[in-house]
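Enquirer: Let me begin by handing over the structure; questions about it come next.
Numbering (my numbering), first residue to last: 120 to 506.
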């Protein structure tokens with residue numbers, strides 16, 4: 120499977136307000152209920168987070184010609200659709216005449232996207248699609264997007280905001296194993312998209328005085344250009360001039376941040392790849408079989424799947440252990456990679472998260488944790504400094 124640029128996710132596993140298991144370099148935005156999510160992989164693309172509601176999350180991809188907006192939606196099967204439809208309706212009203220891709224798990228049955236019958240939720244969603252002139256990308260006769268050994272369905276929908284965008288999209292249910300009841304859906308936008316990317320500068324380590332000294336001499340000239348702007352075109356030209364001037368002086372004052380890249384998975388090995396292919400082959404055989412033969416292959420598939428999942432978790436966890444055990448320096452690669460998530464200041468949280476106190480009080484608490492017997496004797500110590 121080729122590396123995607125974005126993931127539209129529903130029902131992820133959340134821990135501490137973050138999707139569990141994501142690489143630290145990936146960026147994600149969650150909805151209010153934590154059931155809809157958009158994940159952006161590190162690349163030259165600079166996505167813009169717009170907003171998130173209780174059931175929706177919206178992100179925009181800047182494009183030189185026309186922006187592309189991504190919306191991830193989830194609706195609980197036991198709740199009504201009115202709140203979700205209201206949120207989506209308000210979002211689409213604000214994004215008129217824009218290219219919008221909607222990925223949703225609405226749990227609605229309708230003949231239009233594969234089910235044999237319609238239910239009330241299906242009628243509501245079908246009416247909303249017709250009212251907003253949305254284009255359904257789900258292809259007729261496609262594989263189920265939701266599969267269990269005793270059930271299957273098509274609850275996952277992909278919608279486009281206009282026919283032009285829909286004609287540029289390829290939609291496919293993938294055979295790639297997901298260790299989930301839902302299958303991966305691949306969407307490819309076939310167009311020459313001119314993505315706008317922005318340079319990022321290191322502003323934390325100084326350079327502000329140099330920028331001020333260079334830019335202050337241009338302020339009066341730029342203000343004059345703004346005052347002389349009489350039309351919208353003149354104002355656009357003035358805005359572009361200001362942006363280019365700021366960029367030029369930033370290049371002379373600050374260092375450029377490196378663009379993060381998607382790291383390779385070091386723990387994935389050949390045996391796991393073979394097991395993955397075996398699972399895909401067994402999954403295809405289960406679909407083609409019937410009766411007792413299907414039940415037999417389903418049991419084999421379930422057993423192999425459990426073994427594969429166990430091996431993947433073991434490989435992932437042991438990789439970090441091997442990396443730490445091979446490190447020659449305690450402040451080497453393992454420390455550098457783990458420090459952003461667990462900085463040394465975490466020790467104060469371990470000590471009860473004290474909100475007040477000075478350095479001496481903190482030192483006393485640390486000594487109490489390290490040497491409880493000495494702390495009980497209430498040893499008095501004095502700090503001396505030589506200048």
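Built from N, CA and C at the ideal position, the CB exists for glycine as well.
If I'm right that residue 522 touches residue 293 with Cβ under 8 Å, what's the distance once you round it to whole angstroms?
Expert: Outside the shown range of the chain (120 to 506) lies residue 522, about which nothing can therefore be said.
Enquirer: Run through the DSSP bridge pairs and tell me what residue 137 is partnered with.
Expert: Here the question's residue 137 lines up with position 18 in the chain shown. Residue 137 pairs with 134.
Enquirer: Measure the C-alpha to C-alpha separation of residue 221 and residue 339 and round it to an integer number of angstroms.
Expert: The residue given as residue 221 occupies position 102 in the chain shown. The residue given as residue 339 occupies position 220 in the chain shown. If you take the alpha carbons of residue 221 and residue 339, they lie about 46 Å apart.
Enquirer: Could you check which residue in 366, 196, 144 has the C-alpha nearest to that of residue 130?
Expert: Indexing the chain shown from 1 puts residue 130 at position 11. Measuring from the Cα of residue 130, the nearest candidate turns out to be 196.
Enquirer: Please classify residue 132: is it buried, with 16 or more other beta-carbons within 10 angstroms of its beta-carbon, or exposed?
Expert: Working through the chain shown from its first residue, we reach residue 132 at position 13. The residue in question, residue 132, is exposed, as its Cβ has fewer than 16 Cβ neighbours within 10 Å.
Enquirer: Where does the unbroken alpha helix (DSSP H) through residue 427 begin, and where does it stop?
Expert: Here residue 427 refers to the residue found at position 308 of the chain shown. Residues 410 to 445.
Enquirer: Relative to the C-alpha of residue 318, which residue among 368, 230, 402, 126 is closest?
Expert: In the chain shown, residue 318 corresponds to position 199, counting from 1. Nearest of 368, 230, 402, 126 to residue 318, Cα basis: 368.
Enquirer: Use the C-beta contact count for residue 154: other C-beta atoms within 10 angstroms, 16 or more gives buried, fewer gives exposed.
Expert: Residue 154 sits at position 35 when you count from the first residue of the chain shown. Per the 10 Å Cβ criterion, buried.
Enquirer: By Cβ distance, which residues of its chain are closer than 8 Å to residue 141, with the 5 residues on each side in sequence left out?
Expert: As a first step, residue 141 must be located in the chain shown, where it is residue number 22. The answer, listed in chain order, is 147, 158.
Enquirer: For the pair the segment 271 to 283 and the segment 222 to 242, tell me if three or more CB-CB distances fall below 8 Å.
Expert: Touching, yes, given that three or more Cβ pairs across the two stretches are closer than 8 Å.
Enquirer: Hey, out of 402, 189, 218, whose CA is closest to residue 422's CA?
Expert: The count along the chain shown starts at 1 and reaches residue 422 at position 303. Nearest of 402, 189, 218 to residue 422, Cα basis: 402.
Enquirer: Which of the three DSSP states, helix, strand or coil, is assigned to residue 327?
Expert: Translated into positions along the chain shown, residue 327 becomes position 208. Residue state, collapsed to three classes: helix.
Enquirer: So who's on the other strand from residue 271, going by DSSP bridges?
Expert: By one-based count along the chain shown, residue 271 stands at place 152. Answer is 266.
Enquirer: My output table needs one value for residue 404: the three-state DSSP class, helix, strand or coil.
Expert: As a position in the chain shown, residue 404 is number 285, starting the count at 1. It is helical.
Enquirer: How far does the alpha helix (DSSP H) with residue 212 in it extend, from its first residue to its last?
Expert: Counting from 1 along the chain shown, the entry for residue 212 is found at position 93. Run containing residue 212: 201 to 213, per the alpha helix (DSSP H) assignment.
Enquirer: Can you tell me where the beta strand (DSSP E) with residue 155 in it begins and where it stops?
Expert: Here residue 155 refers to the residue found at position 36 when the chain shown is read from its first residue. Per DSSP, residue 155 belongs to the beta strand (DSSP E) from 155 to 159.
Enquirer: Should the segment 352 to 360 be called in touch with the segment 386 to 403, which here means at least 3 C-beta pairs below 8 Å?
Expert: As far as the Cβ criterion goes, the segment 352 to 360 does not touch the segment 386 to 403, which means the pair count is below three.
Enquirer: Hey, how far is the Cα of residue 203 from the Cα of residue 175?
Expert: Position 84 of the chain shown, counted from the start, is the residue given in the question as residue 203. Position 56 of the chain shown, counted from the start, is the residue given in the question as residue 175. Each residue's Cα considered, the two are about 8 Å apart.
Enquirer: Rounded to a whole number of angstroms, what is the C-alpha to C-alpha distance between residue 388 and residue 143?
Expert: For the purposes of this step, residue 388 is taken as residue 269 along the chain shown, with counting starting at 1. For the purposes of this step, residue 143 is taken as residue 24 along the chain shown, with counting starting at 1. Roughly 22 Å separates the two Cα atoms.
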